[in-house]
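Protein chains in written order, with our numbering: chain A, 4 to 106; chain B, 4 to 106.
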């Protein structure tokens, strides 16, 4: 994978281990993934792997691939994104984002 | 993206901001990406985005996509992986790994 902008987001739930909340947030992420500039996406949860270096406290992960920084920037103000924040930010207590471009 | 195992690794350098070290580690990651079970990979660095929720202290990121947990497990003991650790672990001070499977 080259010439891409990776936006990888990890969500911690306000109600930890609340599966219903997690599933609702996952539904929201599915709708969020309809933003036109998103080339590929993945809605995930921690795998069963467990070593010291592995962060597995998050409830959901969302991987979104954009063509470039401009597309990701436009996504930030996309109505679908703003609606997602409005409707679903209630669920999370913490978010960590990793934005990566080609080395 | 479905039915995949995402292995996303973030590296902090021992010699912070040492571009030569970063480039050597990136060369190592390119060799590491030759492991046969890796379906897609991306060697990255932090984008220019900068908000409170964005973690941008790492020097390099490595995204690796496997078909399933078994392939990722076998990668852990793959000779190419073991050689990478032997040759390149000198460079990093911290590693954070996110292993994610389909929600």
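All C-beta atoms in this analysis are idealised placements derived from N, C-alpha and C, irrespective of residue type, glycine included.
Source: prediction; values computed, not measured.
C-beta neighbour in chain C for residue i, strict 9 Å
i	result
residue 35 of chain A	In the displayed structure, chain C is absent; the protein chains listed are A and B.
Terminal residues of the beta strand (DSSP E) in which residue i lies
i	result
residue 67 of chain A	63-69
residue 60 of chain A	First-last for residue 60 of chain A: undefined, no H or E at that position.
residue 46 of chain A	41-49
residue 179 of chain A	Nothing about residue 179 of chain A can be reported from this structure: the residues present for chain A run from 4 to 106 only.
residue 12 of chain A	8-16
When the options are compared against residue i, the one with the closest alpha-carbon
i	options	result
residue 85 of chain B	B:94, B:38 and B:15	B:38
residue 34 of chain A	A:98, A:16, A:89 and A:106	A:89
residue 58 of chain A	B:98, B:6, B:20 and B:4	B:98
residue 4 of chain B	A:21, A:79 and A:46	A:46
Presumed contact (8 Å Cβ cut-off) between residue i and residue j, rounded CB distance
i	j	result
residue 61 of chain A	residue 14 of chain A	6 Å
residue 69 of chain A	residue 11 of chain A	So it is not a contact: roughly 11 Å between Cβ atoms.
residue 74 of chain A	residue 40 of chain A	4 Å
Cβ pair residue i, residue j closer than 9 Å
i	j	result
residue 92 of chain A	residue 8 of chain A	no
residue 56 of chain A	residue 54 of chain B	no
residue 36 of chain B	residue 49 of chain B	no
residue 96 of chain B	residue 32 of chain B	no
residue 29 of chain B	residue 106 of chain A	yes
residue 43 of chain A	residue 23 of chain A	no
Endpoints, alpha helix (DSSP H) assigned at residue i
i	result
residue 87 of chain A	82-91
residue 26 of chain B	22-35
residue 74 of chain A	72-79
heavy atom of the ligand FMN below 8 Å from residue i C-beta
i	result
residue 68 of chain B	For the ligand FMN, the structure offers nothing, since it holds no ligand at all.
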